[in-house]
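According to this note's numbering, the stretch in the sequence shown is residues 1257 to 1319, in order.
Glycine included, C-beta positions come from ideal geometry on N, C-alpha and C.
For clarity, every value in this text was computed on a predicted model and none was experimentally measured.
To keep things clear, I will list the structure first and then write my remarks on it.
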Amino acid sequence: MTLKDKRIEWKARYDAWKESGQSISEWCRGKEIKTHQMYYWVQQFREHGKTSIKKSASRETQW
């Protein structure tokens, strides 16, 4: 499985977790996913989102 494939798979899991309203521990227990893996990917998606916002904001302010 390539990194791109993993990212797609974990993004789907991340979105499902967000929609569930459950804690990470509860959601992972129900899906038999290791919580440390989920925490890693949550951090990756949150950091990626912040990076995207910063990049788009800097483009808007250029003259």
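| Item | Value |
| --- | --- |
| Enumerate in chain order the residues of its own chain whose CB-to-CB distance from I1291 is below 7 angstroms, with the five nearest sequence positions on each side excluded. | It is worth fixing the name first, because residue 1291 is Thr in this sequence and not Ile. I1280, S1281 and C1284. |
| Which residues bound the alpha helix (DSSP H) around G1286? | I1280 to K1287 |
| Could you give the first and the last residue of the continuous alpha helix (DSSP H) run that contains K1260? | L1259 to S1276 |
| Within 10 Å of its beta-carbon, does M1257 have 16 or more other beta-carbons around it, so buried, or fewer, so exposed? | exposed |
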